[in-house]
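Residue numbers (the working numbering): 2 to 211. Even glycine gets a Cβ: it sits at the ideal position worked out from N, Cα and C.
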């Protein structure tokens with residue numbers, strides 16, 4: 002069982018690093034926010050973070066709660082990417098931002114993550130701002146049924162992009178489909194991947210470092 006008293010104490014310690022006006026703003030903000038310790042464990046979350054997690058199943062999956070590592074909720078192909086950028090903010094003191102997709106089966110949602118060091122670089126404040134939300138353009142998305150026979154590869158795995166959540170057709174490396182049921186719930190035997198489009202447009206640094 003989690004030690005809720007130590008989690009509450011850690012949350013208070015993090016909040017003490019923030020100016021009073023920032024604490025008040027974050028308490029009522031519609032933008033999700035969390036605090037991270039230098040080991041990237043989650044120290045504190047605001048109410049908007051809790052509401053977003055509850056509405057998107059994060060609470061049921063047990064990820065991104067106080068005491069967990071921030072990286073636990075990041076798909077494997079992107080963990081080192083986020084780890085290096087977050088630690089760079091701590092070391093350099095320079096803020097960093099990155100845009101990412103967090104869509105639902107019915108809505109396209111684009112967020113901007115802003116990260117800054119607080120408390121003389123003793124912790125990080127991470128804010129998630131919703132940049133865009135609209136219904137999916139069905140003429141572009143073209144939803145597909147969750148038919149495992151179409152997507153399970155020779156290793157018995159389903160490749161799902163950790164950014165856009167599309168899944169790769171077996172034997173067709175460049176063909177990735179939007180499967181709403183697998184956006185709502187990750188399929189069994191899914192393997193975290195990055196589709197070519199997301200890799201090229203969202204994470205070109207990973208291409209250059211490969």
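Just measuring C-alpha positions, the residue of 85, 107, 116 sitting nearest residue 135 is 107. Of all C-beta pairs linking the stretch 41–58 to the stretch 153–160, fewer than three are shorter than 8 Å, placing the two stretches out of contact.
With a 10 Å radius around the Cβ and a threshold of 16 neighbouring Cβ atoms, residue 90 comes out buried. In this chain, residue 34 is not harboured by any alpha helix (DSSP H); it is covered by the beta strand (DSSP E) spanning 33–37. Straight-line measurement puts the Cα of residue 172 at about 44 Å from the Cα of residue 48. One thing to note: residue 72 has its Cβ within 8 Å of the Cβ of residue 83. The three-state reading of DSSP puts residue 65 in coil, since its state is none of H, G, I, E or B.
By the criterion of at least three beta-carbon pairs nearer than 8 Å, the stretch 181–197 is not in contact with the stretch 113–124.
Close CB contacts of residue 127 within its chain, under the 7 Å cut and outside five residues either way in sequence, are with 34, 35, 37, 114, 116 (chain order). In summary, residue 76 is buried, with 16 or more beta-carbon neighbours lying within 10 Å of its beta-carbon over all protein chains present.
A straight line joining the alpha-carbon of residue 40 with that of residue 140 spans about 44 Å. Across the structure, residue 101 and residue 7 are spaced so that their CA atoms are roughly 32 Å apart. Residue environment for residue 125: buried (at least 16 other C-beta atoms within 10 angstroms of its C-beta). Taking every protein chain shown into account, the CB of residue 160 has 16 or more other CB atoms within 10 angstroms, so this residue is buried. In this structure, DSSP gives residue 206 a helical state, which the three-state scheme calls helix.
Given a length threshold of 3 residues, each whole run of the beta strand (DSSP E) inside the stretch 40–111 is given here in chain order: 43–46, 97–102. Sequence-distant Cβ neighbours of residue 86 in its own chain, meaning closer than 6 Å and more than five residues away, are 97.
The C-beta of residue 66 has 16 or more other C-beta atoms within 10 Å across all chains shown, which makes the residue buried.
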